[in-house]
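Asker:
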Amino acid sequence: MDMKGICPECEFSFMVSDLVVGESLACPECALTLQVREIDGSRLVLEMIESELPDWGQ
Ligand SMILES: [Zn+2]
524 MDMKGICPEC
534 EFSFMVSDLV
544 VGESLACPEC
554 ALTLQVREID
564 GSRLVLEMIE
574 SELPDWGQ
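All residue numbers for the sequence shown refer to our numbering, where the first residue is 524 and numbers rise by one.
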């Protein structure tokens, strides 16, 4: 089943299918990593994940 998600960062809306709560995906627009917090009917509630990129110092 297709579900609609809206990126909390850039507000881009997109359709995805077969996601479950807790699953992560990348926003097709801004490439931010998002996690499915809740599924409300055919609407996904997404929140951004603070990704810690390795800091190599140089
Ligand atoms: Zn986005």
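Built from N, CA and C at the ideal position, the CB exists for glycine as well. None of the values given here were measured: they were computed from a predicted structure.
Would you kindly work out how many angstroms separate the C-alpha atoms of F537 and C530, rounded to a whole number?
Answerer: C-alpha separation (whole angstroms): 8 Å.
Asker: Kindly identify the DSSP beta-bridge partner or partners of L567.
Answerer: Its beta-bridge partners are G528 and I562.
Asker: Does DSSP put F537 in a helix, in a strand, or in coil?
Answerer: It is a strand residue.
Asker: Are G528 and L555 closer than 8 Å when you measure CB to CB?
Answerer: Not a contact, by the Cβ cut-off of 8 Å.
Asker: Which residue from E534, F535 and I562 puts its Cα closest to that of G545?
Answerer: Out of E534, F535 and I562, I562 has the C-alpha closest to the C-alpha of G545.
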